[in-house]
Structures are given as structure tokens and as C-alpha cells.
Amino acid sequence: MALLAGEASGDLLGAELLAALRARIPQARFVGIGGPRMRAQGMTCWYDINALSVMGLSEVLRHLPRLLRLRRELTRRLQRERPALTIGIDAPDFNLGVERALKQAGLRTAHYVSPSVWAWREGRAARLGASADRVLCLFPMEPAIYARYAVDARFVGHPLADHFAAHNDRAAARAALGIGADTQLLAVLPGSRHGEAQRLLPAFLDAATRLRGQRPALHIGIPAASPTLRRQIEIALTGHALPSGAVRVLDAQADLLLRAADAALLASGTAALEAALAQCPMVVGYRIAPLTHFIVKRLGLVRATRYSLPNILAGRDVVPELMQDACTGPRLAMALAPLLDDPAAAAAQRAAFPALHAMLHAADAPTAAAAAARAALDLLAPSP
21 MALLAGEASG
31 DLLGAELLAA
41 LRARIPQARF
51 VGIGGPRMRA
61 QGMTCWYDIN
71 ALSVMGLSEV
81 LRHLPRLLRL
91 RRELTRRLQR
101 ERPALTIGID
111 APDFNLGVER
121 ALKQAGLRTA
131 HYVSPSVWAW
141 REGRAARLGA
151 SADRVLCLFP
161 MEPAIYARYA
171 VDARFVGHPL
181 ADHFAAHNDR
191 AAARAALGIG
201 ADTQLLAVLP
211 GSRHGEAQRL
221 LPAFLDAATR
231 LRGQRPALHI
241 GIPAASPTLR
251 RQIEIALTGH
261 ALPSGAVRVL
271 DAQADLLLRA
281 ADAALLASGT
291 AALEAALAQC
301 PMVVGYRIAP
311 LTHFIVKRLG
321 LVRATRYSLP
331 NILAGRDVVP
341 ELMQDACTGP
351 RLAMALAPLL
361 DDPAAAAAQR
371 AAFPALHAML
381 HAADAPTAAA
391 AAARAALDLL
401 APSP
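Residues in the sequence shown are numbered consecutively from 21, following the numbering used here.
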């Protein structure tokens, strides 16, 4: 079997999937693209995951000839080796082309992690159907969208739901971070990509400064996904009136910080889902580049009326969303204030989170990886 992962998150997903596949077919041999976690599960990596880990338009363009050459070489090798099943893990810009060529050659393919077809460009669902015999979906609303395009898609659960306990031990998280039980703590997560942080940090730090100005005992934690992002955050902090003792920049540990915090200000995306699973009340803010926003709005590419995953999953407004021009320091601070000052406001959000957690578990498998392994291997079962 072949597995193709394109970035660090894919390496983690791939490693969990490999362990679940090995539990069902211990004699199988696995090859493809992966990182250290997938190697630790015994996969033979033809290419290292770092070969695909490029971010940002300029970087992608600079590496495009190499990436296209790698994809051609990989596709030819897979066509020669003819694995029983090839699973592309996320990274659709790279993996779907490989999967399509293999499917056209009569080989079985699956794609693990659906693009956000529920948010924008729903028509991409048909493109996935041309590439993958089955799409393994993390969210329960996704298979119905694929069904409209006659694409086989299965909900397998979200791995994050397996990594968070049903009941958050806030005291243990605070002890692990060395935070006092009575210390009021705000988590600030401006995104894991440098472009996101560049757009969001000014407004997020402005909001934190305003909140602390009214609450002198407030402490702020900011997780940095990488050393370069940490440096970006530290530079941004020099322009704000936040005392150094009031702010702590952490090396990763976002999940621990969210379990410990009283409230969170965070970028729209997976962080909002993590906050819900950590049972942390939140305000979600986001901005995209002005030109991108103009094009997306002008062409009507976005169909979602809600943008944060907690609200999308709940089908209602559970957490405040302040997007684009509404994402300003004063408005973010105003939305956060009730979560810090009014226990009832924070409790109203927390009350909605257990149901979201339950929604993200596949009904008939112990973990998302186990459900994904079963759904993938079912493709190899002989037709009745």
C-alpha cells in the first residue's frame, strides 16, 4: 500500500492511520511520502515529507518545476509498483493529480481529509470523485455534499476528537503551565502561518492590550507553532503596551494553553475546533488579503454564512465571529469582555461544546484512524 502525506499534520494523520492499518493487515508493506512519525510506524519513504512542505504563493512558484517533476516520478513509480491501494493524505494540490493518474490506470485510490467543500467551491467535490474511489471525511456534513456529485465519501471522525478528553481537567492544564488557579488567563492564537499572523497580530494584540488595561491582573498566553513564528510574535509585542510579565509566548502547546485558559481569541480554522474540544470559550477573528477578499466576494466563491467550525458544526451562532473589516482591536475586545467578566456568558458557550465533541466521533469505531483504516480497506474487498 502507498500513503502520500504532504506536511507535518499529514505525517501525524498518516502515522495514526498506519498504526490502524497494521492492526488489520500486519503483513502489509507501506511505501510513499512521509515524515518521522510515519517512518516510526515502519513505512518506507521514497520521498521525505519536507519535499512537499512549501507554503505561500511565491515559495510554491519557486519550487513548482521541482514539485511537478517529483509528482511525475512518483506517479510513474506507483504505476510500475501497482500498490493495492494508494491513500493521499490532505495536500490536494499535489495528491489529487497523482490519484487521478492512478485511478485512470485502474488502481484503487482514496483521499483522506476533504477540502472545505462545505465552505467554498463546492464543485471541487466532482474533481475529487475523478481522483479518488473514496473520500475519507473528517466532518459529518461532508458526505452529503459529495453525494450530490455521485462521489463515494465516508465520515470517519476527526482525529482531534480522540485527543481531547470529554471532560477538561483545567486544574491539571494550569499546573502543567505553572499558572495559578485564580489567575485570569486569555489565550491568543493568531494562526500557524506567517501570513495569517502578519494580518491578525496587530488587531489581536490591540484587543489584548485593551482588555488588560481594564483588567490589570489579566495574563496572556500566545503559542508559537515554530521558532520563526515565535520571533514574529516577539517583534510584534515590542509595539504594544503589554508588560513583559503579563505575556508568555509558548513553544507550541496550544492545546494545553486552551485547556487552561478562561477564554481565547483565535484565528478561524482548526484552532477554533481545538478550543471547542478543550471547552474554552472563544471569539474568532480572521482576515484574508484584501485583493483575495475582493475576488472571492466578487466571484461568489464562498457559500458559507458561518465561518468558524464550532458554528458550522452546530448550525447556529455559538461563538462570535469577527471577519475582515470587523476584525479590529476594539470590536474583538468588546466581544471578549463578557467571556472574561460574566460567568453565564462563558457557560453558555461551554454548554454547546460537548455535543460538538460527540458529533466528531464515528459511531462504530474506537478512533478516527480505525474508522479511516476500515473505510479504506473496504475498497479492497471483492465485489459480491
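Ideal Cβ positions, reconstructed from N, Cα and C, are used throughout, including at glycine.
None of these values were measured; they are calculated from a predicted model.
Counted as a single uninterrupted DSSP element, the alpha helix (DSSP H) harbouring residue 166 occupies residues 162 to 167. In the structure shown, residue 243 falls within a strand segment according to DSSP collapsed to helix, strand and coil. DSSP lists 286, 341 as the beta-bridge partner residues of residue 304. Boundaries of the alpha helix (DSSP H) around residue 219: 214 to 234. The three-state secondary structure of residue 53, taken from DSSP, is strand. For residue 157, DSSP records a beta bridge to 175. In the DSSP assignment, residue 279 falls within the alpha helix (DSSP H) that extends over 274 to 280.
By the neighbour-count criterion, in which a residue is buried when 16 or more other Cβ atoms sit within 10 angstroms of its Cβ, residue 381 is buried. At least 8 Å separates the beta-carbon of residue 231 from that of residue 282.
Counting C-beta pairs closer than 8 Å gives fewer than three between the segment 184 to 195 and the segment 212 to 223, which falls short of the contact rule. Judged by DSSP secondary structure, residue 193 falls within the alpha helix (DSSP H) whose first and last residues are 190 to 197.
Residue state for residue 110 is assigned as coil, using DSSP reduced to three classes. Look at residue 72 here: in three-state DSSP terms it is coil, with no helix or strand label.
Counting only the Cα atoms, residue 363 lies some 56 Å from residue 95.
Boundaries of the alpha helix (DSSP H) harbouring residue 397: 388 to 397, taken from the DSSP string. Rounded to the nearest angstrom, the gap between the Cα atoms of residue 246 and residue 58 is 21 Å. The beta-bridge partner set that DSSP reports for residue 267 consists of 240. Residue 262 carries a coil assignment under DSSP once its states are collapsed to helix, strand and coil.
Under the three-state reduction of DSSP output, residue 206 falls in the strand class.
Separation of residue 104 and residue 21 (C-alpha to C-alpha, rounded to the nearest whole angstrom) is 6 Å. Rounded to the nearest whole angstrom, the C-alpha separation of residue 155 and residue 23 is 14 Å. DSSP places residue 22 inside the beta strand (DSSP E), whose first and last residues are 22 to 25. Between the segment 137 to 152 and the segment 344 to 351, the count of Cβ pairs shorter than 8 Å is below three; the stretches do not touch. Inter-residue distance for residue 307 and residue 337 is about 19 Å (C-alpha atoms, whole angstroms).
Rounded to whole angstroms, the gap between the alpha carbons of residue 143 and residue 119 is 18 Å. Three or more Cβ pairs closer than 8 Å define a contact, and the segment 173 to 184 meets that threshold against the segment 147 to 162.
Annotation for residue 381: no beta strand (DSSP E) segment contains it, and DSSP assigns it neither H nor E. DSSP places residue 348 outside both helix and strand once states are collapsed to three, so it counts as coil.
When DSSP states are grouped into helix, strand and coil, residue 129 belongs to the strand group.
Its Cα nearest to that of residue 365, the residue 340 stands out among 116, 387, 340, 389.
For the 8 Å CB-CB criterion, residue 30 and residue 109 form a contact. Distance from the Cα of residue 357 is smallest, within the candidate group 303, 171, 375, for 303. Residue burial annotation: residue 47 is exposed, with fewer than 16 other C-beta atoms found within 10 angstroms of its C-beta.
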